[in-house]
Amino acid sequence: MSLAIGETASGAAPAEGAPLLELRGIKKYFPITAGVIRRRVGEVRAVDDVSFTLRRGETLGVVGESGCGKSTMGRVIMRIADPTDGRLILDGRDITQLRGGALRGLRRKFQMVFQDPYASLNPRMSVGSIVGEPMIVNASAPRREVPDRVAALLETVGLDANARLRYPHEFSGGQRQRIAIARALSLRPQLIVADEAVSALDVSIQAQILNLLADLRKEFGLSYVFISHNLAVVKHVSDRVAVMYLGRIVELAPKSLLYRTPLHPYTEALLSAAPEPKRHVSRERILLSGDVPSPAKPPSGCPFHTRCPKVMDVCREERPLLQEREPGQFVACHLY
Ligand code: SF4
461 MSLAIGETAS GAAPAEGAPL LELRGIKKYF PITAGVIRRR VGEVRAVDDV SFTLRRGETL
521 GVVGESGCGK STMGRVIMRI ADPTDGRLIL DGRDITQLRG GALRGLRRKF QMVFQDPYAS
581 LNPRMSVGSI VGEPMIVNAS APRREVPDRV AALLETVGLD ANARLRYPHE FSGGQRQRIA
641 IARALSLRPQ LIVADEAVSA LDVSIQAQIL NLLADLRKEF GLSYVFISHN LAVVKHVSDR
701 VAVMYLGRIV ELAPKSLLYR TPLHPYTEAL LSAAPEPKRH VSRERILLSG DVPSPAKPPS
761 GCPFHTRCPK VMDVCREERP LLQEREPGQF VACHLY
């Protein structure tokens with residue numbers, strides 16, 4: 461039985477809340493060109509037919525090795541990059557083709573937090589201007605109220621209100637990420653796409669930022685798409701987890717199922733390699749042979765067949781579909 465991703469066999473939602481974001485067959489291909497006339501000779505399939513539904517108040521973790529397409533998918537969700545094909549539905553509205561003012565008007569609903577807070581904060585602007593600018597540009601608050609709102613936002617993310625008078629270089633990495641989060645919150649978004657948002661931070665600071673994100677989710681009813689290569693971090697924050705390989709989702713499941721009983725051989729390999737001291741299920745380390753194939757020349761059949769320890773003949777010929785194999789657990793693999 462093939463279902464829309466995010467539905468269970470009974471048709472009921474796996475998480476509480478109505479759908480906030482839907483990706484339907486999203487593709488993002490980058491052309492490869494050659495010669496002075498830049499003739500198109502191929503394409504890099506960074507995101508290749510990705511579908512899922514994110515519900516209000518839900519955190520979907522997205523994991524995979526670098527180059528698996530997770531960051532490109534985040535940029536497509538944010539409409540920083542246009543999809544090559546497929547549809548993006550936000551809050552029941554198809555936003556795939558939105559441009560200009562209509563897109564800017566919608567931007568307040570979704571914000572992004574990046575890995576490197578220093579690069580995403582203008583070093584010449586005070587923290588007050590950085591956090592307050594979106595409110596002024598979008599006229600979401602009367603100008604006279606902006607300083608008070610900025611001060612309140614800074615306190616919400618655990619900074620002193622006087623931080624607004626200082627500049628990004630005066631803060632530590634963790635504090636700068638708090639500033640970036642305050643800026644992301646300034647327009648009261650419904651969705652935050654966090655792309656490796658804690659990867660550049662020390663482990664102790666990572667925990668603080670993850671706890672902050674969890675608190676903000678409760679306080680503001682936020683939904684997150686949380687992109688990370690770190691399985692332990694994703695486990696900490698997510699309700700469900702999508703595992704990506706070569707631009708495709710190969711497994712999508714509630715966190716508890718995915719970490720306890722992974723079905724896809726790639727998920728098994730990732731989990732077996734992840735250091736997790738409190739792991740309840742002991743796993744033998746699965747060593748994957750070879751490198752991730754080029755997304756410009758994805759293998760035929762199952763994209764994982766060149767490295768899969770359980771490969772069968774059919775895997776080289778037929779691409780497995782992402783289908784529900786256990787309630788709420790979707791996997792793209794011929795084993796099931
Ligand atoms: Fe491995 Fe085949 Fe499953 Fe792909 S479809 S993950 S190659 S067993």
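Residue numbers for the sequence shown, in the numbering used here: 461 to 796. A virtual CB, placed ideally from N, CA and C, is assigned to each residue, including glycine.
Helix, strand or coil: how does DSSP classify residue i here?
i	result
Met-408	This structure gives no information on residue 408, because the portion of the chain shown stretches from 461 to 796.
Pro-479	strand
Asn-521	Reading the sequence as shown, one finds Gly at residue 521 and not Asn. Of the three classes helix, strand and coil, the one that applies to Gly-521 here is strand, per DSSP.
Ser-511	strand
Val-617	coil
Glu-630	helix
Asp-800	The shown model of the chain, from 461 to 796, leaves out residue 800, and the question about it has no answer.
Lys-695	helix
Thr-727	helix
Ile-555	coil
Ile-540	coil
Val-606	helix
Gly-485	strand
Val-501	strand
Met-461	For Met-461, the predicted model reports a pLDDT of 36, less than 50, meaning its position is unreliable; a value from the coordinates is still stated below. In the structure shown, Met-461 sits in coil (DSSP, three-state: anything other than H, G, I, E or B).
Pro-863	It is not possible to answer for residue 863, since the shown part of the chain is limited to 461 through 796.
Arg-708	strand
Ala-640	helix
Start and end of the beta strand (DSSP E) containing residue i?
i	result
Thr-532	Premise fails: Thr-532 lies in the alpha helix (DSSP H), 530-537, not in any beta strand (DSSP E).
Ala-674	That residue, Ala-674, is in no beta strand (DSSP E); its alpha helix (DSSP H) goes 663-680.
Val-752	Note, Val-752: premise wrong, no beta strand (DSSP E); not H, not E.
Glu-778	Looking at the DSSP string, Glu-778 is not in any beta strand (DSSP E), and its letter there is neither H nor E.
Leu-550	545-550
Ser-683	683-687
Leu-625	Note, Leu-625: premise wrong, no beta strand (DSSP E); not H, not E.
Tyr-796	Premise fails: Tyr-796 is in no beta strand (DSSP E) and is neither H nor E.
Ala-702	700-705
Leu-651	651-655
Arg-785	783-786
Phe-570	570-573
Val-791	789-791
Taking residue i as the reference, which of the options has the closest Cα?
i	options	result
Arg-700	Pro-722, Phe-680, Gly-681, Gly-707	Pro-722
Glu-778	Arg-785, Ala-494, Phe-764, Glu-784	Phe-764
Gly-524	Lys-487, Leu-731, Ala-756, Leu-795	Leu-731
Thr-519	His-696, Leu-581, Val-510	His-696
Pro-577	Leu-747, Val-693, Ala-657	Ala-657
Thr-544	Ile-486, Pro-479, Gly-761	Ile-486
Ser-754	Arg-505, Leu-480, Gly-495, Phe-574	Arg-505
Ala-579	Ala-674, Gln-637, Glu-786, Leu-748	Gln-637
Ser-688	Ser-632, Leu-563, Leu-670	Leu-670
Arg-745	Ala-623, Thr-727, Arg-677, Val-510	Thr-727
Arg-567	Phe-490, Asp-551, Ser-760	Asp-551
Using C-beta distances below 6 Å, list every residue in its chain close to residue i, excluding the 5 sequence neighbours before and after it, in chain order.
i	result
Gln-789	Ala-713, Leu-717
Cys-528	Met-704, Tyr-705
His-724	Val-710, Glu-711, Val-791, Cys-793
Glu-482	Thr-513, Ile-549
Round the Cβ separation of residue i and residue j to the nearest angstrom and send it over; I've been treating them as touching at under 8 Å.
i	j	result
Val-591	Ile-639	7 Å
Ala-541	Arg-535	4 Å
Ser-586	Leu-625	6 Å
Gly-517	Ser-683	6 Å
Ile-492	Ala-733	Going by Cβ atoms, the distance from Ile-492 to Ala-733 rounds to 31 Å, so no, they are not a contact pair.
Cys-762	Pro-780	5 Å
Taking the alpha helix (DSSP H) that residue i falls in, what are its first and last residues?
i	result
Leu-718	715-720
Glu-744	Per DSSP, Glu-744 belongs to no alpha helix (DSSP H) and is neither H nor E.
Pro-758	Careful: Pro-758 lies outside any alpha helix (DSSP H) and carries neither H nor E.
Ala-579	577-580
Ala-562	560-567
Short of 7 Å in beta carbon distance, which residues of its chain neighbour residue i, apart from the five on each side in sequence? Order them along the chain.
i	result
Ala-621	Ala-611, Leu-614, Glu-615
Gln-668	Gly-634
His-629	Pro-583
Gly-477	Arg-515, Arg-516, Gly-517, Glu-518
Thr-556	Pro-543, Arg-547, Leu-548
Met-538	Phe-570, Met-572, Val-653
Tyr-796	Leu-723, Arg-785
Ser-698	Thr-519, Leu-520, Gly-521, Phe-686, Lys-715
Val-501	Ile-492, Thr-493, Ala-494
By Cβ distance, which residues of its chain are closer than 8 Å to residue i, with the 5 residues on each side in sequence left out?
i	result
Val-606	Gly-592, Met-595, Ile-596
Ala-702	Phe-512, Leu-520, Gly-521, Val-522, Val-523, Ile-709, Glu-711, Leu-712
Gln-575	Asp-655, Glu-656, Ala-657, Ser-659, Ala-660
Is residue i a contact residue of the ligand ADP, with contact defined as CB to any heavy atom under 6 Å?
i	result
Cys-775	In the structure on display, the ligand ADP does not appear, and the ligands it does have are the ligand SF4.
Counting only beta-carbon separations shorter than 7 Å, does residue i have a partner in chain D?
i	result
Lys-770	Note that chain D does not occur in the displayed structure, where there is just one protein chain.
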